[in-house]
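K.L.:
Starting off with a structure, shown below.
Protein chains: 2
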Amino acid sequence: MLKKQNHRMTRQRKVILEELKKVKTHPGADEIYAMVRKRIPRISLGTVYRNLVVLSELKEIQTIEHVGTLKRFDGTPENHYHIRCVKCGRLDDAPMEIETYLEKKVRRYTDYAVVGHRLEFIGHCSECAKGCL
Amino acid sequence: MLKKQNHRMTRQRKVILEELKKVKTHPGADEIYAMVRKRIPRISLGTVYRNLVVLSELKEIQTIEHVGTLKRFDGTPENHYHIRCVKCGRLDDAPMEIETYLEKKVRRYTDYAVVGHRLEFIGHCSECAKGCL
DNA sequence: GCTTTTATTTTCAATGATTATAAATAAGCG
DNA sequence: CGCTTATTTATAATCATTGAAAATAAAAGC
Numbered sequence: 006m007l008k009k010q011n012h013r014m015t016r017q018r019k020v021i022l023e024e025l026k027k028v029k030t031h032p033g034a035d036e037i038y039a040m041v042r043k044r045i046p047r048i049s050l051g052t053v054y055r056n057l058v059v060l061s062e063l064k065e066i067q068t069i070e071h072v073g074t075l076k077r078f079d080g081t082p083e084n085h086y087h088i089r090c091v092k093c094g095r096l097d098d099a100p101m102e103i104e105t106y107l108e109k110k111v112r113r114y115t116d117y118a119v120v121g122h123r124l125e126f127i128g129h130c131s132e133c134a135k136g137c138l
Numbered sequence: 006m007l008k009k010q011n012h013r014m015t016r017q018r019k020v021i022l023e024e025l026k027k028v029k030t031h032p033g034a035d036e037i038y039a040m041v042r043k044r045i046p047r048i049s050l051g052t053v054y055r056n057l058v059v060l061s062e063l064k065e066i067q068t069i070e071h072v073g074t075l076k077r078f079d080g081t082p083e084n085h086y087h088i089r090c091v092k093c094g095r096l097d098d099a100p101m102e103i104e105t106y107l108e109k110k111v112r113r114y115t116d117y118a119v120v121g122h123r124l125e126f127i128g129h130c131s132e133c134a135k136g137c138l
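The following block contains the structure:
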């Protein structure tokens, strides 16, 4: 890892990254805190928050700019879409490629300099859909 | 307005709705509070929050499930896309129709029962783009 | 118009997520 | 090993939002 821009690889930073890469879900800062605490019991919540910011800046991870109430974090930094369950709040990756043409389309009519987009689907996950019978 | 589901049309509710419909921006609860306070100085912030929820439920307005840090509210309840300035946080409607086929596409590969989607573009508004020269 | 019912408002305190601060610690360099 | 300073810890502070209790006022009926 390229941590040569004045960044040190501390144990806490390393473990936070490892734990986040380990799961396929998109935990919030508090969940990551709980996960990491199993390995570093005395770590502080502030350290988790700070490192998630740093790791995002270094493109090691990605922060999902929320649609629920709190931020979620994603272990894979590549841009991709998400799908969220309205009932339980569960968040998964959407099985779909990035539609770059969407940006082309909006550029024709806006005076914004468009640099990206974020797409999120809403629905009921298979678990919660059962309850809708 | 159809406020017959056990909802009363209070002065504060009326003014909040009027003020929100009046602007073309997407103010946060605090901004709406400031706007309304010019007409009802003694209104409380909690009342603003509560009414924004109620008005959303009644489909009179729409709450934009944020991508910044705080919720934004939109005077027009119809679904549409937004475009956000990364520098100043300004939020505008995106000049583009809803792409319903996106949902069709994702449905083919997910076991979620998809009921909607939200798309937001990221960019620099014309004002902020000037500073990028 | 006056009563009554109860949704709503106000004031104020509480919560929950996140960020800031200061002192202590430790990564990575020579 | 010793130094520099990024980082951590612990704790307090902030910010947006929500909850609770008492007071107020819509709307419905008389």
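As given, the protein sequences belong to chains A and B, one line each in that order.
With our numbering as the guide, the letters of the first sequence map in order to residues 6 to 138.
With our numbering as the guide, the letters of the second sequence map in order to residues 6 to 138.
Yeah, the Cβ is synthetic: ideal placement off N, Cα and C, and Gly gets one too.
(1) Would you mind stating whether K124/B and Y86/B have Cβ atoms separated by less than 8 Å?
(2) Nearest chain A C-beta to R16/B closer than 8 Å, yes or no?
(3) From K92/A to V120/A, what does the alpha carbon distance come to, in whole angstroms?
(4) Quick one: which chain B residues come within Cβ less than 9 Å of H129/A?
(5) For A134/A, return the contacting residues in chain B, with the cut-off set at a CB-CB distance below 7 Å.
(6) Could you compute how far the alpha carbon of E132/A sits from the alpha carbon of Y38/B?
(7) Is there at least one Cβ from chain A nearer than 8 Å to R124/B's Cβ?
(8) Which bits of chain A does K110/B rub up against, with CB to CB less than 8 Å?
(9) By how many angstroms is the C-alpha of I21/A removed from the C-alpha of L60/B?
(10) Identify the contact partners of F37/A in chain B, using a Cβ-Cβ distance below 8 Å as the criterion.
(11) Measure from the C-beta of I66/B to each C-beta in chain A and report whether the shortest distance is under 8 Å.
(12) Could you spell out the range, first to last residue, of the beta strand (DSSP E) harbouring L124/A?
(13) For E65/A, count neighbouring Cβ atoms within 10 angstroms of its own Cβ and tell me buried if that reaches 16, exposed if not.
(14) As a quick exercise: from A99/A, P46/A, Y54/A, pick the residue whose alpha carbon is nearest that of K29/A.
(15) So L50/A is in the alpha helix (DSSP H); what residue range does that whole segment cover?
(16) Could you name the residues of chain B that Y54/A contacts, counting a contact when the two beta carbons are closer than 8 Å?
(17) Kindly give me the distance between the Cβ atoms of A145/B and V53/B, rounded to whole angstroms, as I take these residues to be in contact under 8 Å.
(18) Does DSSP put I88/B in a helix, in a strand, or in coil?
(19) Do we get a CB-CB distance below 8 Å when we pair L75/B with the residues of chain A?
(20) To the nearest angstrom, how far is the alpha carbon of C90/A from that of R44/A?
(21) Quick one: give me the first and last residue of the alpha helix (DSSP H) that E102/B is part of.
(22) Does the beta-carbon of R18/A have 16 or more other beta-carbons within 10 angstroms, so that it is buried, or is it exposed?
(23) Closest by CA to N11/B, which one among T115/B, L63/B, Y106/B?
(24) Using a Cβ-Cβ distance cut-off of 8 Å, determine whether I88/A contacts chain B.
P.N.:
In terms of the structure at hand:
(1) It is worth fixing the name first, because residue 124/B is Leu in this sequence and not Lys. A contact, by the Cβ cut-off of 8 Å.
(2) No - not a single Cβ of chain A is within 8 Å of the one on R16/B.
(3) Straight across, the Cα-Cα distance linking K92/A with V120/A is about 32 Å.
(4) In chain order: Y117, A118, V119, V120.
(5) The answer, in chain order, is A118.
(6) If I take the Cα positions, the gap works out to 39 Å.
(7) Here residue 124/B is Leu; the residue named in the question, Arg, does not match the sequence. Between L124/B and chain A, the shortest Cβ-Cβ separation is below 8 Å.
(8) For K110/B, the residues of chain A that pass the 8 Å Cβ criterion are M101, in the order they occur in the chain.
(9) When rounded, the distance between both Cα atoms is 41 Å.
(10) The amino acid at residue 37/A is misidentified as Phe; the sequence shows Ile. At a beta-carbon threshold of 8 Å, none of the residues of chain B lie near I37/A; the nearest stands roughly 19 Å away.
(11) At a cut-off of 8 Å between C-beta atoms, I66/B does not count as an interface residue with respect to chain A.
(12) Counting along the chain, the beta strand (DSSP E) containing L124/A begins and ends at 118 to 129.
(13) Taking all protein chains in view, the Cβ of E65/A is crowded by 16 or more other Cβ atoms within 10 Å, so the residue is classified as buried.
(14) Selected option, being the one with the closest Cα: A99/A.
(15) Run containing L50/A: 50 to 62, per the alpha helix (DSSP H) assignment.
(16) Within chain B, no residue comes near Y54/A; the closest Cβ sits about 14 Å away, beyond 8 Å.
(17) Residue 145/B cannot be examined here, being either before or after the span of chain B that is shown, 6 to 138.
(18) DSSP places I88/B within a strand segment (E or B) once states are collapsed to three.
(19) Any answer about L75/B is weak, because its pLDDT of 45 lies below 50 and its placement is not dependable; what the coordinates show is given next. Residue contact with chain A for L75/B: absent (no Cβ-Cβ distance below 8 Å to any residue of chain A).
(20) One C-alpha to the other measures close to 31 Å.
(21) Annotation for E102/B: no alpha helix (DSSP H) segment contains it, and DSSP assigns it neither H nor E.
(22) So R18/A counts as buried.
(23) Closest option to N11/B, judged by alpha-carbon separation, among T115/B, L63/B, Y106/B: L63/B.
(24) It does; some Cβ of chain B falls within 8 Å.
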